[in-house]
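Let me begin by presenting the structure, written as structure tokens, before commenting on it.
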Amino acid sequence: MLFGKGASEGIALGKVLIIKNDPLGIEKKRIEETEKEKNKFLEAVKISKDQLGKVRDKASKELGMDKAAIFEAHLMILEDPELMDGTINKIEAEKLNADYAFKQITDQFIEIFEAMENAYMRERAADIKDVSDRVLRNIRGEKIVDLSILEEDVILITNDLTPSDTATMDKEKVLGFLTNIGGNTSHTAIMARSLEIPAIVGLKDITERINSSDFIAFNGKTGEVVINPSHEEIEKYQSLKIAYEKERKALGHVKGKVSKTIDGREVELVGNIGTPKDLLGLKKNDAEGVGLYRTEFIYMNKETFPTEEEQFDAYKEVLESLNPKPVVIRTLDIGGDKKLPYLKIDEEMNPFLGYRAIRLCLNEKKIFETQLRALLRASVHGNLKIMFPMISSLEELLEVKQVLNEVKADLDKEGIAYADKIEVGMMIEVPSAAIISDILAKHVNFFSIGTNDLIQYTCAVDRMNEKIHHLYNPFHPGVLRLIKMVIDNGHKENIWVGMCGEMAGDPSMIPILLGMGLDEFSMSPSAILPARNLIRACKYEDMKKTAEAVLSMDTAEQIEDYMKNLEK
């Protein structure tokens, strides 16, 4: 039995799909049998075309023609005579191995396209790289996995899943995730909870310990993994699966009930979503609205920047579907671990502290203004609240509001309608913003505390670094004091304060946050009913005393022990 960090509750049993995607280390070799090498290259191109054709046809049938268009473009790249003839000429003239020759040619193309002034043409560089990787892996005889179209139900085994992986994967076929790295707040863990898929992270070398022929069973709560379980173990895990599903079903009794403590303190329990497809999970779990709509997934699902109309349609769908419930939409938060293949961002020493989120948007005004236009236009279709990420100073906030006002003025001139009173808020995820939250509160309608980054920045710890992950602790007294400060400063200016980090749905944290006076808890939809059940069993006055006690403690360990005893 193996043990990792339980990241998303649930039981999974099934076949595995191992995704390694090791870096392509291509060496230059002198080849005498050039004819054989040419045939090797042409065969790899043929295999690549067959793969892309199948993916295109299936995507067209299951996802629509717009999603299939990218694969058509990739096929056209493989018809390019300069690419094909250039590679064959290199193999013949320089007696080079096929993979090295092909990479040299495609690297030249990528460099040319990346240097172009036209944005659309620059974006084609990412397509060439995708096609290049596919052909190179086929030359080397490596198995290629397209997560967007899976043939059967599988448990994914990988080093880690990127945001673009989860944005494009065929979610109906994925039974669970197991990863080498990551913690409770890693992207993989967050997405697994959002999708209600069992997951375990931090299983060191799991990609090496499991074979593609293995069958596994695992418990996403306890972090236990059994490879090739016995008949008795399979029966045990099947029983656990049934029990878990019954437990989830039993929470149905709090559907339609208010999220109110025994003594009358009412709060809002809302969901975090990434695309309109997540509406089903919200409704199934009786969410009271959306507390975080991560708009970057609209961008990640595209091969070019989404148009104003495409964004408008996505926002409108969610707003109309949930009206009159509130929908907090966060503006584009790209950077750090979230990248767009068609947006070139220079390599940075510290990407999480660099050119990302609102910093990028204020520098790329056209991208930002297009999104704001779409949001404002969609506002007439529901209860929209706009939220800006990664604000670290008053100057930044005022500049953002100025851009918003300019976009409103443009719409006024064009005679385009938008809602009169749209609440505008900001995320508190940078310590400097928390410290001056008394000043910032005068300029917004609400705060939403983004604890995933706030903890990371406050404790100066990379939450993806296994060696120091233990330092990433939501119970850290410094983190809790900052949260209390933000809530108090918001309430002094009569604005509501929410939280959209993973802490908001953590049963061990909810009593503390409730006692601190948090107004809105935004979480993975699957956490909403358990949270409501817990809140309805609490007394607000008791939780205030709990929060006071916790805030007087010196260490995270003391606080954790105190909360464990309280749960008993």
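So the sequence shown is residues 7 to 574, counted in our numbering. Think of the CB as a built atom: it goes at the ideal place given N, C-alpha and C, for glycine as much as any other residue.
Among the options, which has the Cα closest to the Cα of residue i?
{"i": "residue 97", "options": "449, 79, 89 and 107", "result": "107"}
{"i": "residue 223", "options": "238, 483 and 214", "result": "238"}
{"i": "residue 492", "options": "442, 506 and 528", "result": "442"}
{"i": "residue 400", "options": "444, 563 and 63", "result": "444"}
{"i": "residue 40", "options": "316, 561 and 99", "result": "99"}
{"i": "residue 109", "options": "139, 282, 472 and 87", "result": "139"}
{"i": "residue 235", "options": "431, 522 and 19", "result": "19"}
{"i": "residue 505", "options": "435, 467, 567 and 38", "result": "435"}
{"i": "residue 447", "options": "63, 495 and 469", "result": "495"}
{"i": "residue 277", "options": "534, 376, 54 and 557", "result": "534"}
{"i": "residue 284", "options": "508, 177 and 373", "result": "177"}
{"i": "residue 270", "options": "451, 150, 521 and 219", "result": "521"}
{"i": "residue 232", "options": "206, 254, 279 and 252", "result": "206"}
{"i": "residue 480", "options": "453, 515 and 474", "result": "515"}
{"i": "residue 150", "options": "211, 31 and 61", "result": "61"}
{"i": "residue 146", "options": "377, 432, 311 and 46", "result": "46"}
{"i": "residue 280", "options": "209, 290 and 321", "result": "321"}
{"i": "residue 464", "options": "361, 439, 318 and 473", "result": "439"}
{"i": "residue 384", "options": "324, 302 and 191", "result": "324"}
{"i": "residue 577", "options": "415, 358 and 354", "result": "The first residue shown for the chain is 7 and the last is 574, placing residue 577 beyond what the model contains."}
{"i": "residue 340", "options": "396, 387 and 391", "result": "396"}
{"i": "residue 255", "options": "290, 242 and 192", "result": "290"}
{"i": "residue 368", "options": "410, 56, 350 and 542", "result": "410"}
Is residue i close to chain B, meaning its C-beta is less than 7 Å from at least one C-beta of that chain?
{"i": "residue 40", "result": "No chain B is part of this structure, which consists of one protein chain only."}
On the three-state DSSP scale, how would you describe residue i?
{"i": "residue 576", "result": "Since the first residue shown for the chain is 7 and the last is 574, residue 576 is missing from the structure and cannot be characterised."}
{"i": "residue 21", "result": "strand"}
{"i": "residue 11", "result": "strand"}
{"i": "residue 233", "result": "strand"}
{"i": "residue 539", "result": "helix"}
{"i": "residue 333", "result": "strand"}
{"i": "residue 344", "result": "strand"}
{"i": "residue 156", "result": "coil"}
{"i": "residue 464", "result": "helix"}
{"i": "residue 532", "result": "helix"}
{"i": "residue 178", "result": "coil"}
{"i": "residue 266", "result": "strand"}
{"i": "residue 491", "result": "helix"}
{"i": "residue 146", "result": "coil"}
{"i": "residue 323", "result": "helix"}
{"i": "residue 185", "result": "strand"}
{"i": "residue 130", "result": "helix"}
{"i": "residue 486", "result": "helix"}
{"i": "residue 526", "result": "strand"}
{"i": "residue 151", "result": "coil"}
{"i": "residue 164", "result": "strand"}
{"i": "residue 122", "result": "coil"}
{"i": "residue 504", "result": "strand"}
{"i": "residue 139", "result": "helix"}
Residue i and residue j look like a contact to me (Cβ under 8 Å); what is the Cβ gap, rounded to whole Å?
{"i": "residue 337", "j": "residue 394", "result": "6 Å"}
{"i": "residue 198", "j": "residue 14", "result": "4 Å"}
{"i": "residue 81", "j": "residue 34", "result": "About 29 Å separates the two Cβ atoms, so there is no contact after all."}
{"i": "residue 16", "j": "residue 204", "result": "3 Å"}
{"i": "residue 379", "j": "residue 189", "result": "That belief does not hold up - the Cβ atoms of residue 379 and residue 189 are roughly 37 Å apart, past 8 Å."}
{"i": "residue 144", "j": "residue 24", "result": "Contact flag wrong, Cβ pair sits at about 18 Å."}
{"i": "residue 388", "j": "residue 333", "result": "6 Å"}
{"i": "residue 453", "j": "residue 501", "result": "7 Å"}
{"i": "residue 557", "j": "residue 487", "result": "6 Å"}
Going by other Cβ atoms of all chains shown within 10 Å of its Cβ, with 16 needed for buried, is residue i buried or exposed?
{"i": "residue 408", "result": "exposed"}
{"i": "residue 274", "result": "buried"}
{"i": "residue 9", "result": "exposed"}
{"i": "residue 59", "result": "exposed"}
{"i": "residue 308", "result": "buried"}
{"i": "residue 185", "result": "buried"}
{"i": "residue 137", "result": "buried"}
{"i": "residue 532", "result": "buried"}
{"i": "residue 164", "result": "buried"}
{"i": "residue 93", "result": "buried"}
{"i": "residue 377", "result": "buried"}
{"i": "residue 167", "result": "buried"}
{"i": "residue 418", "result": "exposed"}
{"i": "residue 121", "result": "exposed"}
{"i": "residue 475", "result": "buried"}
I want to check one thing, is the minimum distance from the CB of residue i to the heavy atoms of the ligand SAH below 6 Å?
{"i": "residue 191", "result": "You won't find the ligand SAH in this model; it holds no ligand whatsoever."}
Discussion item. In chain order, what are the residue ranges of uninterrupted beta strand (DSSP E) at least 3 long that sit wholly in the region 364-403?
Written reply: Within the region 364-403, the runs of beta strand (DSSP E) at least 3 residues long that lie entirely inside it are, in chain order, 389-394.
Worksheet item: What residue ranges within the region 272-312 form continuous alpha helix (DSSP H) runs of no fewer than 4 residues, ordered along the chain?
Response: Within the region 272-312, the complete alpha helix (DSSP H) runs of at least 4 residues fall at 285-290 and 302-306.
Practice prompt. Could you name each continuous beta strand (DSSP E) segment of 3 residues or more that falls completely within the region 193-242, going from the start of the chain to the end?
Written response: Counting only runs of 3 or more, we get 205-207, 221-225 and 230-233.
Worksheet item: Along the chain, which unbroken stretches of the beta strand (DSSP E) at least 3 residues long are found entirely within the region 415-445?
Response: For the region 415-445, whole beta strand (DSSP E) runs of length 3 or above, ordered along the chain, are 429-434.
Fill in: Uninterrupted alpha helix (DSSP H) stretches inside the region 32-115 (no shorter than 4 residues)
The region 32-115 contains, as complete alpha helix (DSSP H) runs of 4+ residues, the segments 40-69, 71-83 and 87-100 (chain order).
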